[in-house]
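Heads up, my numbering is the position in the sequence shown plus 7, with the first residue counted as 1. The structure appears right after this line, and notes come after that.
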Amino acid sequence: MWPAEFARRYRERGYWTGQTFDDLLRSGAERFGDRVAVVDGERRITYRQLRDRALSVAAGLYEQGIRPDDRVVVQLPNVAEFFDVIFALFRIGAQPVFALPAHRAAEIGYFCRHTEAAAFITTGVASADGFDHRTLAAAATPARMILAEDLPRGDPATLPPGPAPGALAFLQLSGGSTGLPKLIPRTHDDYLYSVRESADICALTPDSVYLVVLPVAHNFPMSSPGVLGALHAGARIVLSPSPAPATVFPLIDREGVTITALVPPLALVWLDAAERASWRPDSLDVLQVGGAKLVPSVAARVAPVLGCRLQQVFGMAEGLVNYTRLDEPDEIVLHTQGRPISPDDEVRVVDDADRPVADGEVGHLLTRGPYTIRGYWRADEHNQVAFTPDGFYRTGDLVRRLDGGHLVVEGRAKDQINRGGEKIAAEEVEDHLLAHPDVHDAAVVAVPDLYLGERSCVFVVPVGRPPTLGDLRAFLRERGLAAYKMPDKLRVVDRFPVTGVGKTSRRELRSLLRSRLSSSEG
Ligand code: OOB
């Protein structure tokens, strides 16, 4: 993971404190015992109860054969059992692999196979669109399926000692730009450092109430400062089953929510709905927006419409997280995506040849630091290109760095579509489409969209009779791909434009197609 000299420095500077996730929960139970930790519908769970539940589930899973270092694919909606499961696994020293509720057979099957998962934990309750997650058991083979409604329980006295703080704690998913998603190995030490600092930057206290709107397993609502930051601070977590204003606005008022995290399209929906209903939350203090670029015109509406402060968050599951600080002036908060958490977050902005560009110039963002990974999990070959020889992560983001260290995200150099915060790897979708009998070749590119920021467009060279968008979407659904990865648009072409000399570059091809699209659409 980190070279010894860096690990030593991060410990000496007090970033890596030797705390594990189980320590976090135990100290919560000790310090905030009878205070409410989690609200899920009518259920209210105190800090002490949360720890007891996690330990008992840990013992149950252990009795069922889940062992230290086993990987367990976890796919749960925003429910209290999410905490039982992940803290149970943390206690055992088994590693959750954080799938999203939107993932289907293609993704779940891959996560289970790639990680050789011992179990797949999901819910027996159908999702809002009627999907029954139990049907994923077939894809999850050979992992055993365990339902959140039916978690095993046991006597915690039977548990072996917990994991070391430097150990791998879980595998998070990368947004991805490759055919198969890469997994991100995070340790207790590195992740909890980012969590504690995030809670501090966001001024969480035991009086804070954090509302989870986005899927709880995503890095943003989990750790920036998210639910883990809330537990660190002794705050209260409120789980929302849906991000829709009709559900969320009454919940914010009922529970006195003080802070929540949204992606830009949701922020827009909330702003419009709040204006229409003249709703102004009394309790809301901070609205965090991140995951995709927030345009200044929308950013500027947050304070006047919702009567709260805006915080922009530019982060990545691989590590680096930037925040605008709560006391920074409007020109920073509205126009930048913040600055890094740590004084030891090293940020380089470079040109195509990895030479530094001047402050204020656009370049590729490279980063290294006390909570940024040094490599993806079991991906030696890809790591050669995704990291520099001296260990900087190539984020694939194009940014400008301002004098004070604030970053402005200007675009992207990776083969990814950021669909309102949901990340789609072009190659992953293309690989599936190439299996369609009517598709000779396919390239997926991002197209600008007023609402989502970007949508996906697939260019297809057909074999004979051209397929329709509906055909392709049905085909991808049949192959078990998550709905957000379905192309939004289709362009049928006779052939792809010729790229540079010699071998075909998919990247060059995608950029040619993207420019053709913008010129033809005007
Ligand atoms: C968050 O994490 P991921 O891993 O889903 O996606 C990371 C990528 C970044 O590399 C960047 O391309 C994009 O998402 N991104 C933003 C952004 N925040 C993330 N692009 C522009 N403006 C922003 N504010 O998305 C994530 C993780 C932790 C906290 C917040 C977001």
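Every residue gets a Cβ at the ideal spot worked out from N, C-alpha and C, and that includes glycine.
Measure the C-alpha to C-alpha separation of P4 and L199 and round it to an integer number of angstroms.
Shown here, the chain extends from 8 to 529; a query on residue 4 therefore has no answer.
Could you pull out every residue in the same chain whose Cβ sits closer than 7 Å to the Cβ of D139, ignoring the five residues on either side in sequence?
Numbered from its first residue, the sequence shown carries residue 139 at position 132. Cβ within range, chain order: A133.
Please list the terminal residues of the continuous alpha helix (DSSP H) segment that includes H342.
Sequence index remark: in the sequence shown, residue 342 carries index 335 (1-based). Note, H342: alpha helix (DSSP H), 337 to 342.
Would a C-beta distance cut-off of 8 Å place Q71 and I115 closer than the cut-off?
What you label residue 71 is simply residue 64 of the sequence shown in a count that begins at 1. What you label residue 115 is simply residue 108 of the sequence shown in a count that begins at 1. Not in contact: Q71 and I115 (Cβ atoms no closer than 8 Å).
Using the C-alpha atoms, what's the distance from D501 back to L327?
The count along the sequence shown starts at 1 and reaches residue 327 at position 320. The count along the sequence shown starts at 1 and reaches residue 501 at position 494. Answer to the nearest angstrom: the Cα atoms are 43 Å apart.
So what does DSSP say about T506, is it helix, strand or coil?
Along the sequence shown, one-based indexing puts residue 506 at 499. In this structure, T506 counts as coil in the three-state DSSP scheme.
Hey, how far is the Cα of R534 from the Cα of M323?
Summary: the structure shown does not reach residue 534, with the chain confined to residues 8 through 529, and so no result is reported for it.
I'd like the list of long-range same chain contacts for V467, defined as Cβ closer than 6 Å, with 5 residues on each side in sequence excluded.
As a first step, residue 467 is located in the sequence shown; it is residue number 460 there, counting from the start. V446, A449, V499, listed in sequence order.
What are the boundary residues of the beta strand (DSSP E) that includes Y330?
The sequence position of residue 330 within the sequence shown is 323, counting from 1. Residues 326 to 330.
Shortest alpha-carbon distance to V64 belongs to which of V80, F89, D77?
Here residue 64 is taken as the residue at index 57 of the sequence shown, counted from 1. That would be F89, whose Cα lies nearest to the Cα of V64.
Taking 7 Å as the cut-off, does the CB of F321 come closer than this to any heavy atom belonging to ligand 1?
Within the sequence shown, the letter at position 314 stands for residue 321. Within the cutoff, so yes.
Any heavy atom of ligand 1 closer than 7 Å to the CB of Q234?
As a first step, residue 234 must be located in the sequence shown, where it is residue number 227. Just to set this straight, residue 234 is Val in the shown sequence, not Gln. No - ligand 1 has no heavy atom lying nearer than 7 Å to the Cβ of V234.
Would you give the residue range spanned by the beta strand (DSSP E) that S463 belongs to?
Taking the sequence shown and counting its residues from 1, the one referred to as residue 463 is at position 456. S463 -> beta strand (DSSP E) spans 460 to 469.
Buried or exposed: Y69, going by 16 or more other Cβ atoms within 10 Å of its Cβ?
On the sequence shown, position 62 is the one that residue 69 refers to. Y69 is buried by the Cβ-count criterion.
Report yes if the C-beta distance between L175 and V104 is below 8 Å; otherwise report no.
As a working mapping, residue 175 is identified with position 168 in the sequence shown. As a working mapping, residue 104 is identified with position 97 in the sequence shown. Cβ atoms of L175 and V104: not closer than 8 Å.
At which residue ranges does the segment 201 to 264 contain complete beta strand (DSSP E) runs of 3 or more residues, listed in the order of the chain?
Counting whole runs of 3 or more residues, the segment 201 to 264 contains the beta strand (DSSP E) stretches 216 to 219, 243 to 246.
For the pair the segment 396 to 414 and the segment 274 to 285, tell me if three or more CB-CB distances fall below 8 Å.
As far as the Cβ criterion goes, the segment 396 to 414 does not touch the segment 274 to 285, which means the pair count is below three.
With the cut-off set at 8 Å, would you say H195 and Q26 are in Cβ contact?
Numbered from 1 along the sequence shown, position 188 holds the residue referred to as residue 195. Numbered from 1 along the sequence shown, position 19 holds the residue referred to as residue 26. Their beta carbons are under 8 Å apart, which means H195 touches Q26 by this criterion.
Helix or strand or just coil, what does DSSP make of V46?
Taking the first residue of the sequence shown as position 1, residue 46 is located at position 39. V46 falls in the strand class under three-state DSSP.
Tell me which residue opens and which closes the beta strand (DSSP E) that Y400 is part of.
If you number the sequence shown from 1, residue 400 lands on position 393. Start and end: 400 to 408.
At the level of alpha carbons, what is the spacing between T254 and H225?
Here residue 254 corresponds to residue number 247 of the sequence shown, with the count starting at 1. Here residue 225 corresponds to residue number 218 of the sequence shown, with the count starting at 1. T254 and H225: Cα-Cα distance of roughly 21 Å.
Give the range of the beta strand (DSSP E) segment to which I153 is assigned.
The residue you call residue 153 lines up with position 146 of the sequence shown. Per DSSP, I153 belongs to the beta strand (DSSP E) from 151 to 154.
Closest to F118 by CA distance: which of F94, P149, I93 is it?
By one-based count along the sequence shown, residue 118 stands at place 111. When only C-alpha atoms are compared, the closest one is P149.
Would you decide whether E12 is buried or exposed? Buried here means 16 or more other CB atoms lie within 10 Å of its CB.
Along the sequence shown, read from residue 1 onward, the residue named residue 12 stands at position 5. Classification of E12: exposed, given that the 10 Å Cβ count is below 16.
Can you find the residues in the same chain that come closer than 8 Å, C-beta to C-beta, to L313, ignoring five residues on each side of it along the sequence?
For the purposes of this step, residue 313 is taken as residue 306 along the sequence shown, with counting starting at 1. Within the same chain, L313 has close Cβ partners W277, L278, A281, R287, P288, L291, L294.
Comparing C-alpha positions only, which one of A210, V46, R51, P350 sits nearest to R20?
Counting from 1 along the sequence shown, the entry for residue 20 is found at position 13. The shortest Cα separation from R20 among A210, V46, R51, P350 belongs to P350.
Is the separation between the beta-carbon of R78 and that of A124 shorter than 8 Å?
Numbered from 1 along the sequence shown, position 71 holds the residue referred to as residue 78. Numbered from 1 along the sequence shown, position 117 holds the residue referred to as residue 124. Yes, Cβ-Cβ distance for R78 and A124 is below 8 Å.
Just curious, the alpha helix (DSSP H) that P278 is in, first and last residue?
As a working note, residue 278 is residue 271 in the sequence shown. It should be pointed out that residue 278 corresponds to Leu in this sequence rather than to Pro. From DSSP, the alpha helix (DSSP H) with L278 extends over 271 to 284.
Hey, quick one: how far does the beta strand (DSSP E) through L373 stretch, first residue to last?
Taking the sequence shown and counting its residues from 1, the one referred to as residue 373 is at position 366. Looking at the DSSP string, the run of the beta strand (DSSP E) that includes L373 is 369 to 375.
Report buried or exposed for Y22, applying the criterion of at least 16 other Cβ atoms within 10 angstroms of its Cβ.
On the sequence shown, residue 22 is found 15 positions in, with the first residue counted as 1. Per the 10 Å Cβ criterion, buried.
By a C-beta neighbour count over all protein chains shown, 10 Å radius and 16 as the cutoff for buried, is E156 buried or exposed?
Position 149 of the sequence shown, counted from the start, is the residue given in the question as residue 156. E156 comes out exposed.
Examine ligand 1 and report whether any of its heavy atoms sits within less than 7 Å of the Cβ of F177.
Looking up residue 177 in the sequence shown gives position 170. No, the Cβ of F177 stays beyond 7 Å of every heavy atom of ligand 1.
What whole-angstrom Cβ distance do G263 and V309 have, given they're in contact under 8 Å?
Looking up residue 263 in the sequence shown gives position 256. Looking up residue 309 in the sequence shown gives position 302. About 19 Å separates the two Cβ atoms, so there is no contact after all.
In three-state terms, what does DSSP make of S526?
Your numbering for residue 526 matches position 519 in the sequence shown. Helix.
Which parts of the segment 55 to 121 are runs of the alpha helix (DSSP H), unbroken and 4 residues or longer, counting only runs that do not cross its ends?
The segment 55 to 121 contains these whole alpha helix (DSSP H) runs: 88 to 99, 112 to 121.
What did DSSP end up calling T165 once you bin it into helix, strand or coil?
Here residue 165 is taken as the residue at index 158 of the sequence shown, counted from 1. In the structure shown, T165 sits in a helix (DSSP, three-state: H, G or I).
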